[in-house]
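**Q** Okay, here's the structure, questions in a sec.
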DNA sequence: GCGATTATTTGGAATTGTTCCAATTCCAAG
DNA sequence: CTTGGAATTGGAACAATTCCAAATAATCGC
Ligand SMILES: [Mn+2]
Ligand SMILES: [Mn+2]
Ligand SMILES: [Zn+2]
Ligand SMILES: [Zn+2]
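Chains as they are written, first to last, in the working numbering: chain A, 109 to 249; chain B, 109 to 249.
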């Protein structure tokens, strides 16, 4: 919410990775924070253009990749549709509404996450889990 | 395992959808059953060619799509890498080994599946869940 | 069985999302 | 200021998949 804090944490995370806080990276990130509807790279591109009309699609891809590397943003995939980007850092699953195409964040309680990890037999060392629902969501918001 | 049974269930499922049991569909399906290593369409294509040297890649894609529609096969996606195909019909998660690229089936007990579905707030009606692990697997087989 | 109708396969072109690349442009340090 | 590396840019290239129109094959009514 707070743009100063957001921008600070961005600058910090980038610095931690030895990267610079460029206007392109800042605007791409702020666009993701502003409207958390899991936009595609093309959608991010369109939104960023409003502020930086000369930015290129390649740069948007670069910035998104950078933000994912810095773990400020998650890349979300449904089947083979374009990758979507999510700045929600809490552990959460995704719900993909087949009718509307909308994507919802579903908070994952630690207990559930723990139980899911229990299904792994000995010898499987998971660094991450992804949980994705597909179905229909009743409009709430 | 049993080719007669497999072929019968294939013929049955196809008939249920008003589709024919063609040699291409049969061989594509048998190739998936024979080596359950989650091959890509290209890999299936290569394996099927041994039996049907004149089959086309488009037909392999068509057959795989048909088998997925008939619910005899699951399409499995990791990030944006090529779709993989899995004839295991039991409820299971996938474990993607980042080093080797191999994909493992992880059986999902009904209790875990139930608990995972519990995380959905009212208004979310899921028709399917996908659980995907990424990490490192110690070689067992 | 025979021709008509429909389903399926085929090869190649097209599409889509993404990555690559070489040429600038930008910056920060000396 | 210079200068070397970092970042951006536009366009070409790429990979996976889908589309398409023509050829083949199976099925149906007779
Ligand atoms: Mn959809
Ligand atoms: Mn991998
Ligand atoms: Zn999310
Ligand atoms: Zn599987």
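Idealized CB from N, CA, C, for every residue including glycine.
#1: Suppose you measure from the CA of residue 196 of chain A to the CA of residue 181 of chain A; what does that come to, to the nearest Å?
#2: On the premise that residue 148 of chain B lies in contact with residue 191 of chain B, defined as a C-beta separation below 8 Å, what is that separation, rounded to the nearest angstrom?
#3: Considering just the uninterrupted stretch of the beta strand (DSSP E) at residue 192 of chain B, what are its terminal residues?
#4: Relative to ligand 4, what is the chain-ordered list of residues with a Cβ closer than 7 Å to any of its non-hydrogen atoms?
#5: Strictly below 7 Å CB to CB, what residues from chain B border residue 231 of chain A?
#6: Run the CB neighbour count on residue 174 of chain A, radius 10 Å, all protein chains shown included, and call it buried at 16 or more, exposed below.
#7: Give me whichever residues DSSP pairs with residue 214 of chain A in a beta bridge.
#8: Do you know offhand how far residue 232 of chain B's Cα is from residue 240 of chain B's?
#9: If the cut is a Cβ gap below 9 Å, which residues of chain A does residue 223 of chain B touch?
#10: Can residue 140 of chain A and residue 193 of chain A be called in contact, C-beta distance under 8 Å?
#11: On the DSSP bridge assignment, give the partners of residue 209 of chain A in chain order.
#12: Counting C-beta neighbours from all protein chains within 10 Å, is the total for residue 110 of chain B 16 or more, i.e. buried, or is it exposed?
#13: Counting only C-beta atoms, is residue 127 of chain A closer than 8 Å to chain B at any point?
#14: Tell me whether residue 132 of chain A is buried or exposed, calling it buried when 16 or more other Cβ atoms sit within 10 Å of its Cβ.
#15: DSSP has residue 232 of chain A in a bridge; who is on the other side?
#16: In terms of DSSP beta bridges, what is residue 240 of chain A paired with?
#17: Pick out the complete beta strand (DSSP E) segments inside the region 135-191 of chain B, 3 residues or longer, and give them in chain order.
**A** In short:
#1: Position 88 of the first chain holds residue 196 of chain A. Position 73 of the first chain holds residue 181 of chain A. Residue 196 of chain A and residue 181 of chain A: Cα-Cα distance of roughly 7 Å.
#2: Counting from one through the second chain, the residue named residue 191 of chain B turns up at place 83. Counting from one through the second chain, the residue named residue 148 of chain B turns up at place 40. Between residue 148 of chain B and residue 191 of chain B the Cβ distance is about 7 Å, and since that is below 8 Å, they are a contact.
#3: For the purposes of this step, residue 192 of chain B is identified with residue 84 of the second chain, where counting begins at 1. First-last of the beta strand (DSSP E) with residue 192 of chain B: 192-194.
#4: B/146, B/182, B/184, B/194, B/196, B/200, B/202, B/211, B/213
#5: Here residue 231 of chain A corresponds to residue number 123 of the first chain, with the count starting at 1. Those within 7 Å of residue 231 of chain A in chain B are 245, 246, 248.
#6: The residue labelled residue 174 of chain A in the question sits at position 66 within the first chain. That one is buried.
#7: As a first step, residue 214 of chain A must be located in the first chain, where it is residue number 106. Note: residue 214 of chain A sits in a beta bridge opposite A/201.
#8: Taking the second chain and counting its residues from 1, the one referred to as residue 232 of chain B is at position 124. Taking the second chain and counting its residues from 1, the one referred to as residue 240 of chain B is at position 132. For residue 232 of chain B and residue 240 of chain B, the distance between alpha carbons rounds to 21 Å.
#9: Here residue 223 of chain B refers to the residue found at position 115 when the second chain is read from its first residue. Here the neighbours are 219, 220, 223, 224.
#10: The residue given as residue 140 of chain A occupies position 32 in the first chain. The residue given as residue 193 of chain A occupies position 85 in the first chain. In this structure, residue 193 of chain A lies closer than 8 Å to residue 140 of chain A by Cβ.
#11: Here residue 209 of chain A refers to the residue found at position 101 when the first chain is read from its first residue. None, per the DSSP bridge assignment.
#12: Counting from 1 along the second chain, the entry for residue 110 of chain B is found at position 2. No answer about residue 110 of chain B holds up, because its pLDDT of 41 lies below 50 and its placement is not dependable.
#13: Locating residue 127 of chain A in the first chain gives position 19, where the first residue counts as 1. Not one chain B Cβ lies under 8 Å of residue 127 of chain A.
#14: Locating residue 132 of chain A in the first chain gives position 24, counting from the first residue. Residue 132 of chain A should be labelled buried.
#15: Looking up residue 232 of chain A in the first chain gives position 124. Paired residue(s): B/245.
#16: For the purposes of this step, residue 240 of chain A is taken as residue 132 along the first chain, with counting starting at 1. Answer is A/202, B/238.
#17: 182-184
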